[in-house]
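One structure is given here, and the rest of the page talks about it.
In the working numbering, the protein residues as written are 1301 to 1923.
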């Protein structure tokens, strides 16, 4: 999850939207009903083979009826006892050795991670957010899947069953105990990784005052010495303070040492800044205009690239990408010092892609322009030229802009008063490519207003909170699998569930496309239509015709797609919890994402604890 993902508010994510999505709450309820029915049927069939149909009915019915008072009579004291027992078991199995292994790898990583790389921040962040996660997930899978099968194999579980301990209390105790161990290990790794991250960039440079030359407006310009494989250009202002340019994803502040005795210690270069960011995006919507400047569409030109996230606008034409932003207000403006003058400006960040039909001057970017427009009055500013850099490019748009209409009574326009609507604060940003034969690649989330740059440490914590949610889910699934499978098979099932989580978004997207028609759906239809085509010898692009039975076949496939959509939601989509992309790209993780993660974990916990209880209860009866 990162810059490409569109974040929904929690209310929109939970509730259904007709014709677009079922919503998290409705999907959970449908999946829960299917899970309960499937569990009862599965339990009945298994009991039939052991006890016969009548005894199986009473066993399943009796277990379901007794479950309600048993779940309501859970004792926190007994759960705590089981939790402490599971915690001690994990310590005896030397679970903390994983942290020692992590420390060893971290020590060697300091030798091999190159701080002089072009993007060292991304390199370090990717390491400290990826390696600890998989190490902890492997640890908790091993703890959870072998715990109950080993107790059954050694018959130590029957010692617990002789005590007044309910199956639900045993399951919850194992869950809380292993979650506690995973939390301790993950917290220690996160803390050490954070220190490793800061120390990895702890460097400084030096400035020789004799090497500085005079610049404009009384400034001094020059270069720092080389450190960590790079050096900076610098500017010292007349007041004695200065700064370096942004190189290797950071910059340095410079101050004058009043007690200096030589040129080498006259200026002090402070530690690196602006490395770790948590930028808040104000995202709008985008529409594309064709080469004539008309016929608005949700997508632009497809230039044939495999990744279809970007749509392209043709250069040298009237084609444009039009971004519409709502709720524009004065709080979004930032003060920027330009010489002796401080101006209010709107920070807008471009992340454009470029497609070249001819090479041109490869060392130069592709030229374009943008302007602001009021969607109600039609007032617009003059075009502002820029060059697409194919990296994050921050533009500061001044509040006062020249009017596009040269003969207007108002030669200058105010960004808030003239270019923003009174109702809803709507503002349009038009982007065009100037060079013929070249194309700009644009997507909804690639151009946005930069609202703020928040605390990186909090963003780091939110990322690890997502990893912690994954730890809870992996432990819960491992325990559920271990209640009806032996250790090795439960281990395989846990790995399959974890592996599915990495592609769950694509699988759900396929079913969603068929149900809601987001794209073309299945070529050739679902299983029912495919069988009809097979017997009638029609290829997947041939229309079946306008017959009643065609609608029946398509309806069957729609039901099948709906069942797949519900079924795939019975296993978690772990990509929802992977917010590493936000942190690595320097964006703040929205609180809506954390809320959706929490609700998802809570829903799975309720369902999985009930499933684990029933399976463990059946094991008790079988014993």
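Virtual Cβ for every residue (Gly too), placed ideally from N, Cα, C.
Residue 1376 is classed as exposed because its beta carbon has fewer than 16 other beta carbons within 10 Å across all chains shown. Contact between residue 1872 and residue 1792 does not hold, since the beta-carbon distance rounds to 18 Å and is not under 8 Å. Taken atom to atom, the span from the alpha-carbon of residue 1582 to that of residue 1571 is near 30 Å.
A residue is called buried when at least 16 other Cβ atoms come within 10 angstroms of its Cβ; residue 1405 does not meet this threshold and is exposed. Taking 8 Å as the cut-off, the beta carbon of residue 1532 is found closer than this to the beta carbon of residue 1505. Residue 1764 carries a helical assignment under DSSP once its states are collapsed to helix, strand and coil.
Cβ atoms of residue 1386 and residue 1474 come within 8 Å of each other, at about 5 Å.
The Cβ atoms of residue 1497 and residue 1428 lie closer than 8 Å to each other. Its Cα nearest to that of residue 1907, the residue 1779 stands out among 1484, 1779, 1543.
As computed with DSSP, residue 1669 is found in a beta bridge with 1685, 1732.
For residue 1913, the closest of 1757, 1465, 1348, 1861 by C-alpha to C-alpha distance is 1465. For residue 1566, the number of other beta carbons within 10 angstroms of its own is at least 16, and it is reported as buried. Look at residue 1617 here: in three-state DSSP terms it is coil, with no helix or strand label. A distance of 8 Å or more separates the beta carbons of residue 1681 and residue 1651. With a cutoff of 8 Å on beta-carbon distance, residue 1573 and residue 1552 are scored as near each other. Residue 1738 is bridged by DSSP to 1656. For residue 1514, the number of other beta carbons within 10 angstroms of its own is below 16, and it is reported as exposed. Straight through space, the alpha carbons of residue 1848 and residue 1839 are spaced by roughly 20 Å.
In this structure, the straight-line span from the alpha carbon of residue 1753 to that of residue 1495 is close to 21 Å. Straight-line measurement puts the Cα of residue 1384 at about 55 Å from the Cα of residue 1854. Distance from the Cα of residue 1612 is smallest, within the candidate group 1544, 1740, 1455, 1467, for 1740.
The beta carbon of residue 1718 is closer than 7 Å to those of 1674, 1679 in its chain, skipping five residues each way along the sequence. The Cβ neighbour count for residue 1623, taken over all protein chains shown within 10 Å, is at least 16; the residue is labelled buried. Looking at the DSSP output, residue 1744 sits in no beta bridge, so it has no partner there. Scanning its chain for C-beta atoms nearer than 7 Å, with the 5 sequence neighbours on each side dropped, one finds around residue 1856 the residues 1828, in chain order. Separation of residue 1545 and residue 1323 (C-alpha to C-alpha, rounded to the nearest whole angstrom) is 47 Å. Burial check for residue 1632: the Cβ neighbour count within 10 Å reaches 16 or more, so the residue is buried. DSSP places residue 1827 in the uninterrupted alpha helix (DSSP H) bounded by 1827 to 1836. When C-alpha distances from residue 1345 are compared across 1331, 1361, 1330, the shortest belongs to 1361. By the criterion of a C-beta distance shorter than 7 Å, residue 1667 is surrounded in its chain by 1685, 1687, 1734, 1735, once the five residues flanking it on both sides are discounted.
With 16 or more other Cβ atoms inside 10 Å of its own Cβ, residue 1665 counts as buried. With respect to the 8 Å criterion, residue 1766 and residue 1842 are not classified as neighbours on the basis of their beta carbons. In the same chain as residue 1564, and ignoring 5 residues on each side of it, the C-beta atoms closer than 7 Å to its own belong to 1506, 1508, in chain order.
Across the structure, residue 1594 and residue 1860 are spaced so that their CA atoms are roughly 40 Å apart. For residue 1861, the enclosing alpha helix (DSSP H) covers residues 1848 to 1868. Distance from the CA atom of residue 1731 to the CA atom of residue 1670, rounded to whole angstroms, is 4 Å.
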